[in-house]
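A quick write-up on the structure given underneath.
Protein chains in written order, with the numbering used here: chain A, 565 to 942; chain B, 565 to 942.
Structure representation (C-alpha cells):
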C-alpha cells in the first residue's frame, strides 16, 4: 500500500529552485559564489565585498562598496528596548536561542518586515551586535556599542573584546567562507517560511533555529566538545575505535553534497597548520590524528572533514567560547539566507509537499468509542 | 544548460515522508485524522480527544483522556519572567510576531527542549495562554490566569473574555478542524528545522513564522479585510469583476491539494448558515455572494473556498479581532506540528535539497576587479 520508494527522504537529489547565487560541485570539492571560487574570495576580498556580491550579483565598484559599508555600519545599533529585554534573559541561555529570540523580537520594534535588501543589510549588521552583546552580558561585562569607523569583522570583534585583535583578518575570511552554501537546511527553511509571503524576520528566525541543530551548524560546537573529551593525542585511536565499533557518528565528518575534501575545510586546515608553526594551536594535533584515522578507514565511503571540523579549533584559538561557535556561523550565513529568500521571491511558489499515508482508514468515532468502553469495562 | 523542467517548484507532488497522522484526499474533499473523518471528530469529540488521537495514534480511554486533560491544564502557566517581557512589548505588535517571539523566549526558561510529547503538550497549553495574555495586554486589560478546572477551549476563551462564552462548544470544534493537515507549509518548515536535530522550540517557532504568511494561515485575516473592504452586498459583483480583470488573487479561494470543496470549509459554512437563522452573521451575505461568483466563473479551474474563507467570519461573529485569527489557527495546529515533528524523528533524514545553478562561472577576483577599476576610470 505504502510504496516507500516514492519518498524523497531528506529531499536528497531533489531540485527545488534555479539560483545564480552559488555553485557547489560536491565531486570536485568546489564552491563558487556568483562564479568566483570561494578560496579566491577568502584570500583576496573582504566580507563586505562578498556580501555585496552575494546579494547583488557582481563585485562592487569602490563607490558601491563604500555605500554598502556605510549602510551596514549605520544599521548596527539595536533598539534600546531590545537591549533591555536581552538584559532580562537568564545568563545561561544558549547564544543560538538568544539570537533566534532577539531577531524575532526585533520585528516588534522595526516595523518594516519586507523581504527586502534593506532588511537583509539591517539583519546582517544587527545579528553581529546581538551576538557580541550576548557575549558581554553572559560574561557579566558591560556592552560595547558598535564603532562606525570599523569594518564589519573588526567592529564585531571590538564589540566582543574591546579591541580589534590581531586575528581579525582571519576572522573576516571565516565570515566569507561561511556566508553561503546553496540550499542547505537552514537556507531551505528560510525559503519555506518566506514562500507563504511571511516576513524577513520570520524567515531568518526559521533559519537560525534550523542552523542550531548538530546535523547542521551546531556541529562546530559538538566538534570541540569531542576534541575536549578526547583530551590528548594518545586517546585519539581509542576514541576512534570505540566510536566505530558502536557505529556512532564522529562529529565534523561527512557532508550530503561534498564527496571529497570540503574546499573550506581545506583552507582552514592550511591556516591552522600555519598558525601552529608560530604558537601551538590547541586540539590541532588531536584533530589531525583523528582525520588521518577517518580518511584511511572510510576512504571508500568518501567521508571527509567538513567545514565544522576545523572552524571550532580556529575559534577556540581566537579565545571564543564554544557556545558561540554556531552563532559565528549564523552571523555570516545570514547573507546567504537573505540572498536566497529574495531571489526565490522572483519566482515564488509555496512549498507544500506530500506524505504517503500509512495509517488506518474508515474508522467511526462512535464505533471505536463503544469498543474502548467495552474493553475498559471488561 | 539549466533545465527548468527538473525543478520541483513548491515541491508540488513530491512525497517527503510516510505518515500515519492524517490522510487528505484532495479530489474527493476528504480529510481524516488517524483514520477518522474530520467531520465525525468535529461533531462528536473534543479538542483534547483529538490532540490525544493525533499525538498517540488512537482515541483515548477515559483514563487516558483524564491524564492528557490534566497534563494540559497543569502546563498552562507561563514563567513569570516571560509574562514580564511580554508586558514590555509595543502594544501594536502583531499577535503572530508576539507568539513567535514568546515561544522562542520560553526556551530560555524551560530548559528541556527535546522533541518530546511532554514539550508538545506544554507548548499546546502555553501557546493558548500567550495568545489570550496578548489579547488582554493589547487591549489594556489585566491578564486572567488560567483556570485549571476548565477544558482547553473553555479556559482559552475565559482567559480572553473573563467568562466562558456560549459559543465555546463551536470554538472547540474550530480547534479540531484546524489541528492538523498533513505536510502543509508550516508543518513542513517545522520538520525541516527539527531534521537538523535542533529543538522543539526552534521547530515550532519556524512553523509559526511560516503559518503567518497570507498564502497560508495569514489568509484568514486577509479574508476579513477583503470582506470589510467590499462592505456591502451590492459591491460584491463590482469587486469580483475588478479582481478578475486585474488577474488578482481573491483571498480564501483555492488550495494546493483540495480540488473540490474543502470539508472543513463546508462544515463552517453550514454552522454559519445555522447561526445566521438566529442572529444575522455579519459579512456572511457578502461571502456567500462572492462564493457564488467564484464557483460559477472558475468551475473548470476547480477553485473552491478554503478553510480560511469562512473561519474569519465565524471568529468575527464571536467578537474576536481579526488580528488574532491566525493565532487561533496556530494554537490548534501546534498539535499537528508537534505530531509530525515527533513522527519524522523515527526516520529522520536531514532536509537538504539542491538548486540548478544559472549564474556565471570561472570568474577571477583580480581580473574582474581590474576590469571594474578600468571602467570607473573611463
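Glycine included, each C-beta is placed from N, C-alpha and C at the ideal position. From a predicted model like this one, the values you see are computed outputs, not experimental measurements.
Once the 5 residues before and after residue i are set aside, which same chain residues still bring their CB inside 8 Å of it?
i, result
"residue 824 of chain B", "590, 591, 592, 593, 866, 868"
"residue 928 of chain A", "none"
"residue 772 of chain B", "660, 663, 664, 667, 750, 894"
"residue 939 of chain A", "none"
Name, please, each residue of chain B whose Cβ falls closer than 7 Å to the Cβ of residue i.
i, result
"residue 572 of chain A", "578, 579, 580"
"residue 871 of chain A", "Those do not exist, as residue 871 of chain A stays about 14 Å from chain B at its closest Cβ, beyond 7 Å."
"residue 756 of chain A", "749, 752, 753, 756, 774"
"residue 933 of chain A", "623"
"residue 645 of chain A", "652"
"residue 875 of chain A", "Those within 7 Å of residue 875 of chain A in chain B number zero; the least Cβ separation is about 17 Å."
"residue 796 of chain A", "Simply none; closest approach about 29 Å."
"residue 633 of chain A", "Near residue 633 of chain A there are no residues of chain B at all, since even the closest Cβ is about 16 Å away, more than 7 Å."
Check for me: the beta strand (DSSP E) holding residue i runs from which residue to which?
i, result
"residue 921 of chain B", "918 to 921"
"residue 589 of chain A", "586 to 589"
"residue 899 of chain B", "First-last for residue 899 of chain B: 889 to 909, but that is the alpha helix (DSSP H), not the beta strand (DSSP E)."
"residue 579 of chain A", "579 to 583"
How would you list, in chain order, the residues of chain A whose beta-carbon sits under 7 Å from the beta-carbon of residue i?
i, result
"residue 915 of chain B", "574, 575, 749, 752"
"residue 661 of chain B", "671, 672"
"residue 657 of chain B", "672"
"residue 887 of chain B", "What residue 887 of chain B touches in chain A: nothing, since even the nearest Cβ is about 14 Å away."
For residue i, return the contacting residues in chain B, with the cut-off set at a CB-CB distance below 8 Å.
i, result
"residue 769 of chain A", "664, 668, 769, 770, 773"
"residue 673 of chain A", "654"
"residue 779 of chain A", "759, 760, 761, 914"
What residues of chain A sit near residue i, judged by a beta carbon separation below 9 Å?
i, result
"residue 930 of chain B", "604, 608"
"residue 925 of chain B", "587, 596, 599"
"residue 921 of chain B", "582, 583, 584, 585, 586, 587, 588, 596, 746"
"residue 789 of chain B", "None at all; the shortest Cβ gap to chain A is about 14 Å."
"residue 626 of chain B", "936, 937, 940"
Who are the Cβ neighbours of residue i in its own chain at under 7 Å, not counting the five residues just before and after it?
i, result
"residue 833 of chain B", "874"
"residue 565 of chain A", "In this predicted model, residue 565 of chain A has a pLDDT of only 40, less than 50, meaning its place in the structure is not dependable; the value taken from the coordinates is given anyway. Same-chain partners within the cutoff: there are none."
"residue 721 of chain A", "728, 729, 732, 735"
"residue 646 of chain B", "666, 669, 670, 673"
"residue 717 of chain B", "611, 732, 735, 736, 739"
"residue 628 of chain A", "616"
"residue 881 of chain A", "839, 845, 846"
"residue 689 of chain A", "636, 639, 640"
Just to confirm the assignment, what range does the alpha helix (DSSP H) spanning residue i have?
i, result
"residue 833 of chain B", "827 to 842"
"residue 950 of chain A", "For residue 950 of chain A there is no data in the structure shown, the boundaries of chain A being 565 and 942."
"residue 716 of chain B", "716 to 725"
"residue 935 of chain B", "929 to 941"
"residue 733 of chain B", "732 to 742"
"residue 773 of chain B", "764 to 775"
"residue 809 of chain A", "800 to 809"
"residue 752 of chain B", "749 to 758"
"residue 697 of chain A", "681 to 702"
"residue 853 of chain B", "848 to 861"
"residue 792 of chain A", "783 to 794"
Just to confirm my understanding: we take residue i, look at its own chain, exclude 5 residues before and 5 after, and list those with CB closer than 6 Å. What are they?
i, result
"residue 785 of chain B", "886, 889, 890"
"residue 695 of chain B", "891, 895"
"residue 818 of chain A", "867"
"residue 782 of chain A", "776, 890"
"residue 756 of chain A", "915"
Does the Cβ of residue i lie closer than 7 Å to at least one heavy atom of the ligand ATP?
i, result
"residue 676 of chain B", "Looking at this structure, you won't find the ligand ATP or any other ligand, since it has none at all."
Report the neighbours of residue i on chain B: residues whose CB is nearer than 9 Å to its CB, in chain order.
i, result
"residue 890 of chain A", "Per Cβ cutoff of 9 Å: no residues; residue 890 of chain A is ~10 Å from chain B at best."
"residue 649 of chain A", "649, 652, 653, 669"
Just the chain A side, please: which residues come within less than 8 Å of residue i by C-beta, in chain order?
i, result
"residue 690 of chain B", "Going along chain A, no residue has its Cβ under 8 Å from residue 690 of chain B, so there is no contact; the nearest lies around 15 Å."
"residue 820 of chain B", "914, 916"
"residue 678 of chain B", "Under the 8 Å cutoff, chain A gives no residues; its nearest Cβ is about 13 Å from residue 678 of chain B."
* **alpha helix (DSSP H) runs wholly inside the region 591 to 663 of chain B, at least 4 long, in chain order** => 602 to 608, 611 to 620, 626 to 638, 644 to 652
* To do: Count the CB pairs spanning the region 799 to 813 of chain A and the region 790 to 798 of chain B that are closer than 8 Å, and state whether there are at least three.
  => no
* Please confirm if the region 578 to 589 of chain B is in contact with the region 898 to 908 of chain A, defined as three or more CB-CB distances below 8 Å between the two stretches. => no
* Counting pairs of beta carbons, one from the region 672 to 692 of chain A and one from the region 751 to 767 of chain A, are three or more of them closer than 8 Å? -> yes
* Taking three-plus beta-carbon pairs below 8 Å as touching, is the region 694 to 709 of chain B in contact with the region 619 to 626 of chain B? -> no
* Asked: According to a CB-to-CB cut-off of less than 8 Å, which residues of the region 720 to 737 of chain A neighbour chain C?
  -> Here the protein chains are A and B, and chain C is not one of them.
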